[in-house]
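In the numbering used here, the protein residues as written are 4 to 49.
Yeah, the Cβ is synthetic: ideal placement off N, Cα and C, and Gly gets one too.
I have placed the structure first, in the form of C-alpha cells, so that the comments after it can refer back to it.
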Amino acid sequence: MPFLSMVLCASLRESFVNRIERAIALYASYELDYFLIFKIKFLFLF
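Next comes the structure, spelled out in C-alpha cells:
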C-alpha cells in the first residue's frame, strides 16, 4: 500500500510540474508576442 501511494504521489507531482511548465511556456510566448507587437507599433509610430 505505501508503494502504491508513493507512485500515485510521484505521478501527481509529475503531472502538476508538467502543467506548471506548460503554463510558464505559454505565458512566456504570450509575453514575447506582446513585446513584438508593441515594438512594431512603436516603430510605426515614429
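C-alpha gap between L48 and F41, whole angstroms
Residue 48 sits at position 45 when you count from the first residue of the sequence shown. Residue 41 sits at position 38 when you count from the first residue of the sequence shown. Computed Cα separation, rounded: 10 Å.
Just the Cα atoms here: how many angstroms apart are I23 and L29?
To locate residue 23, count along the sequence shown from 1; it is residue 20. To locate residue 29, count along the sequence shown from 1; it is residue 26. Cα-Cα distance, rounded: 10 Å.
Alpha carbon of A20 to alpha carbon of K44, nearest angstrom
Looking up residue 20 in the sequence shown gives position 17. Looking up residue 44 in the sequence shown gives position 41. Inspection of the sequence shows that residue 20 is occupied by Val rather than by Ala. One C-alpha to the other measures close to 36 Å.
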